[in-house]
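K.L.:
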Amino acid sequence: MRKTDSRIFWVITAFIFKGLIFAFLLYRHDYNTIPGFWGGTGGDTPSYLLPIENLIKTGHYTPDLRMPGYGILYFPFAYLFTKAAACNLLIILQYIVSALTVYPLALIALHLFKSDKVFYLTFYLYAISTYTSLFDDMLYSESFTVSFLILSVFFLLKSFQPETRHERVYLFLSGLFFTETFFLRPVFIPLIAVYVTVLVLHSVRLRSKKNLMLRLLILVSPVLLFDGVWIARNYAIYHRVIPTMKSIYSPEIENSYQGPLNTFVKSWGGSEVYWDPRADIRWFMPESALAMPHPIQSKAITLPDYIYTSKFNLDSLQLLKRQLSLYLATGTDSIKDSLRRKALLATVRAKCKRYTQSVKQEKPFLYYIAAPLILTKKFLIHSGTYNLFNVPAARLGTWLLAVKIFYSGLYLFILAFGAAAVLILAKPSLQCFPVALITSIVIYTVIVHPILLGKCEARYFVPAYPFMLVCAVYMVSLAASRFYKFKSEDTLQGKV
Numbered sequence: 027m028r029k030t031d032s033r034i035f036w037v038i039t040a041f042i043f044k045g046l047i048f049a050f051l052l053y054r055h056d057y058n059t060i061p062g063f064w065g066g067t068g069g070d071t072p073s074y075l076l077p078i079e080n081l082i083k084t085g086h087y088t089p090d091l092r093m094p095g096y097g098i099l100y101f102p103f104a105y106l107f108t109k110a111a112a113c114n115l116l117i118i119l120q121y122i123v124s125a126l127t128v129y130p131l132a133l134i135a136l137h138l139f140k141s142d143k144v145f146y147l148t149f150y151l152y153a154i155s156t157y158t159s160l161f162d163d164m165l166y167s168e169s170f171t172v173s174f175l176i177l178s179v180f181f182l183l184k185s186f187q188p189e190t191r192h193e194r195v196y197l198f199l200s201g202l203f204f205t206e207t208f209f210l211r212p213v214f215i216p217l218i219a220v221y222v223t224v225l226v227l228h229s230v231r232l233r234s235k236k237n238l239m240l241r242l243l244i245l246v247s248p249v250l251l252f253d254g255v256w257i258a259r260n261y262a263i264y265h266r267v268i269p270t271m272k273s274i275y276s277p278e279i280e281n282s283y284q285g286p287l288n289t290f291v292k293s294w295g296g297s298e299v300y301w302d303p304r305a306d307i308r309w310f311m312p313e314s315a316l317a318m319p320h321p322i323q324s325k326a327i328t329l330p331d332y333i334y335t336s337k338f339n340l341d342s343l344q345l346l347k348r349q350l351s352l353y354l355a356t357g358t359d360s361i362k363d364s365l366r367r368k369a370l371l372a373t374v375r376a377k378c379k380r381y382t383q384s385v386k387q388e389k390p391f392l393y394y395i396a397a398p399l400i401l402t403k404k405f406l407i408h409s410g411t412y413n414l415f416n417v418p419a420a421r422l423g424t425w426l427l428a429v430k431i432f433y434s435g436l437y438l439f440i441l442a443f444g445a446a447a448v449l450i451l452a453k454p455s456l457q458c459f460p461v462a463l464i465t466s467i468v469i470y471t472v473i474v475h476p477i478l479l480g481k482c483e484a485r486y487f488v489p490a491y492p493f494m495l496v497c498a499v500y501m502v503s504l505a506a507s508r509f510y511k512f513k514s515e516d517t518l519q520g521k522v
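The numbering used here numbers the first residue of the sequence shown as 27 and each following residue consecutively.
1) Which residue's Cα is closest to the Cα of G295: V226, F41, Y394?
2) Which partner residues of T335 appear in the DSSP bridge assignment?
3) How big is the Cα-Cα spacing for P188 and L251?
4) From the DSSP output, in three-state form, read off M164 for me.
5) Since T71 is in the alpha helix (DSSP H), which residue starts that stretch and which ends it?
6) From F209, A419, D363, N339, pick the residue whose C-alpha is nearest to that of T566; which is it?
7) Tell me the residue span of the alpha helix (DSSP H) that contains L151.
8) Mind the definition here: the region 65 to 84 touches the region 97 to 107 only if three or more C-beta pairs lie below 8 Å; say whether that holds.
9) Alpha carbon to alpha carbon, what distance is there between K83 and A498?
10) Does G66 come out as helix, strand or coil in the three-state DSSP assignment?
11) Quick check: the Cα distance between Q327 and G410, rounded to an integer number of angstroms?
12) Buried or exposed: where does W425 fall if 16 or more other Cβ atoms within 10 Å of its Cβ makes it buried?
13) Leaving out five residues before and five after P321 in sequence, what residues of the same chain have Cβ atoms less than 6 Å from its Cβ?
14) With DSSP as the reference, label W309 as helix, strand or coil.
15) When you compare only the Cα positions, how much space is there between D163 and L495?
16) According to the Cβ coordinates, are D142 and T30 closer than 8 Å?
17) Among the candidates H408, P286, F209, whose CA atom is the shortest distance from the CA of V255?
18) Quick check on DSSP: helix, strand or coil for H408?
19) I'd like the list of long-range same chain contacts for I60, defined as Cβ closer than 7 Å, with 5 residues on each side in sequence excluded.
20) In whole angstroms, what separates the C-alpha of F432 from that of I47?
21) Which of the three DSSP states is assigned to H265 in this structure?
22) DSSP on M494, reduced to helix/strand/coil?
23) Measure from the alpha carbon of Q387 to the alpha carbon of each residue in T356, S336, L225, F50, then state which is nearest.
24) Measure the Cβ-Cβ separation of F310 and K347 and say whether it is below 8 Å.
25) Work out the CA separation of L160 and V502 for me, nearest whole Å.
26) Nearest by alpha-carbon distance to L147: which of R259, V385, I440 is it?
27) Figure out for me which residue from L225, L451, I473 has the closest Cα to the Cα of M239.
28) Three or more C-beta pairs closer than 8 Å, one from the region 169 to 187 and one from the region 468 to 475: is that the case here?
29) Quick check on DSSP: helix, strand or coil for D302?
30) Excluding five sequence neighbours on each side, which residues of the same chain lie with their C-beta closer than 8 Å to the C-beta of K521?
31) Counting along the chain, where does the alpha helix (DSSP H) carrying D363 start and finish?
32) Does the separation of the CB atoms of V299 and C458 fall below 8 Å?
33) Evaluate K513 with the Cβ neighbour count: other Cβ atoms within 10 Å of its Cβ, from every protein chain shown; 16 or more gives buried, anything less gives exposed.
34) State the Cα-Cα distance for the pair Y332 and L175, rounded to the nearest angstrom.
35) To the nearest angstrom, report how far apart R380 and R304 are at their CA atoms.
What follows is the structure, given as structure tokens:
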């Protein structure tokens, strides 16, 4: 087996494995909204690209619904090339950065657990994993987010090595990659507190408090600099302090039926992921509102009996569904139609808000405890391959079905063993603070998305997946060592 410090070998190997997956991803795509583009697009894609295209054309970053983390990487390509070429170059860059982070992730595992076996298993499992790679050809923020988060953690841990001569450089790079991470996904900005805490506690434990304030300043300086510029820009335009985004939802969602309906569905643990054929929110929506390039309609969605309150029952929701369908079917060709449409929208929004409030008041256990747990289950426990192929599992051939089963098994294995490791590592994390960094990323991702925000879409777990994988590998290593120790002791006893 190659030595862990054979950098060129490991990087080339990562490019080969990731390249095979990337080639498959390009081959499988048969639909996107950009002619000449090789990869895939989604509903969020325009919100990443349009502000940069407007910035190039008009000098204004608008609509500014998102931070420019993805846009700043798209900008040079969009400025120099056609849209299709720029997007193709962008996903190639995503693939390159993704491949380059496989080796650093394995080194993170080696640094934390001091085991070559953990390094090898982490490297190969992550190299073949599709859970993160599936976004390398997509114009979404997930690919860059997970890659830059890995690099941020890698450089922070590298700065802890006693023999390092570039501690300050590594700290700055860690802060820089973290800054780009939360510019891509603002929800991760609170993690800077974890970085700072780990750096402080690690320094105190090693009695290395010399220049601690300087090291902290170097770590957070990219955050202060770039987010400071963003805050200043927002204050000049909106006259208020906006460190990340103006709101979680875009105005189109907040001011439509979608915002209140999403909130209502989440109040009892329902899924708002409208494109998922099993999502609870689809019960309320007519098929015309669910139209997609390859629509998959489910007639089996039913609402649970425990959600009803004194303010609504099944008949009430049936009426709400009809009113929503009528609203979506009503045009705006005349003043009469426009007024009717406006009245229907107001009715739907008011009912959703009233029903949500009734769940909150009459069923506090459901609202505050059960619903977040239900959403957490939906967030984590699934096939892990929902977007691997463009057709349902029932229509896959034998070999492709075997591939899907393998990757579903791999995801569930990493989830189960990783979760067990996070629990087991809780106490050791109090002594080995770098371990606390990776477990905190996993825990924070789970808490903030399904529990605090009510988001159960599987792609939101992507940034935490590689760290869950490292935890799972550690658990396998621990279980194997315990097993072989037990087996060895049993053999010795037999000989005696």
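Every residue, glycine too, gets a C-beta built ideally from N, C-alpha and C.
P.N.:
This is what the structure gives:
1) Selected option, being the one with the closest Cα: Y394.
2) Answer is F338.
3) Approximately 28 Å, taken between the alpha carbons.
4) Here M164 sits in strand by DSSP.
5) First-last of the alpha helix (DSSP H) with T71: 71 to 84.
6) Because residue 566 is not part of the residues shown, which for the chain are 27 to 522, the question remains open.
7) Where L151 is concerned, the enclosing alpha helix (DSSP H) stretches over 142 to 154.
8) Yes, they touch.
9) If I take the Cα positions, the gap works out to 48 Å.
10) The answer is strand: DSSP assigns G66 an E or B state.
11) According to the sequence displayed, residue 327 carries Ile and not Gln. Spanning the alpha carbons of I327 and G410 requires a straight line of approximately 21 Å.
12) With fewer than 16 Cβ atoms within 10 Å of its Cβ, W425 is classed as exposed.
13) Below a pLDDT of 50, predicted positions are generally treated as unreliable, and P321, at 46, falls in that range; the measurement from the model is reported next regardless. Excluding positions up to five away in sequence, the list is empty.
14) Correct three-state label for W309: helix.
15) Their backbone Cα atoms lie some 22 Å apart in a straight line.
16) Cβ distance < 8 Å, so D142 and T30 count as in contact.
17) For V255, the nearest C-alpha among the options comes from F209.
18) Residue state, collapsed to three classes: coil.
19) Within the same chain, Cβ atoms closer than 7 Å to the Cβ of I60 are found at T67, K109, A110, C113, the five residues on either side in sequence being excluded.
20) Distance between the alpha carbons of F432 and I47 is about 15 Å.
21) Reduced to three states, the DSSP call for H265 is coil.
22) Helix, per DSSP.
23) The shortest Cα separation from Q387 among T356, S336, L225, F50 belongs to S336.
24) A contact, by the Cβ cut-off of 8 Å.
25) One Cα belongs to V502, the other to L160, and the distance between them is close to 25 Å.
26) L147 has its Cα closest to that of I440, out of R259, V385, I440.
27) With distances taken between Cα atoms, M239 lies closest to L225.
28) Not touching, per the Cβ criterion.
29) In the three-state DSSP reduction, D302 falls in the coil class, being neither helix nor strand.
30) Low confidence applies to K521: its pLDDT is 40, below 50, so where it sits in the model is not reliable, and the reading given next is rough at best. Sequence-distant partners of K521 (beyond 5 residues in either direction) whose C-beta falls short of 8 Å from its own C-beta are missing from its chain.
31) Its alpha helix (DSSP H) spans residues 361 to 388.
32) By the CB criterion at 8 Å, V299 and C458 fall outside the cutoff.
33) Confidence at K513 is low in this model, with a pLDDT of 49, below 50, so the placement of that residue is unreliable and no value is reported for it.
34) The straight-line gap from Cα to Cα measures roughly 40 Å.
35) Rounded to the nearest angstrom, the two C-alpha atoms are 25 Å apart.
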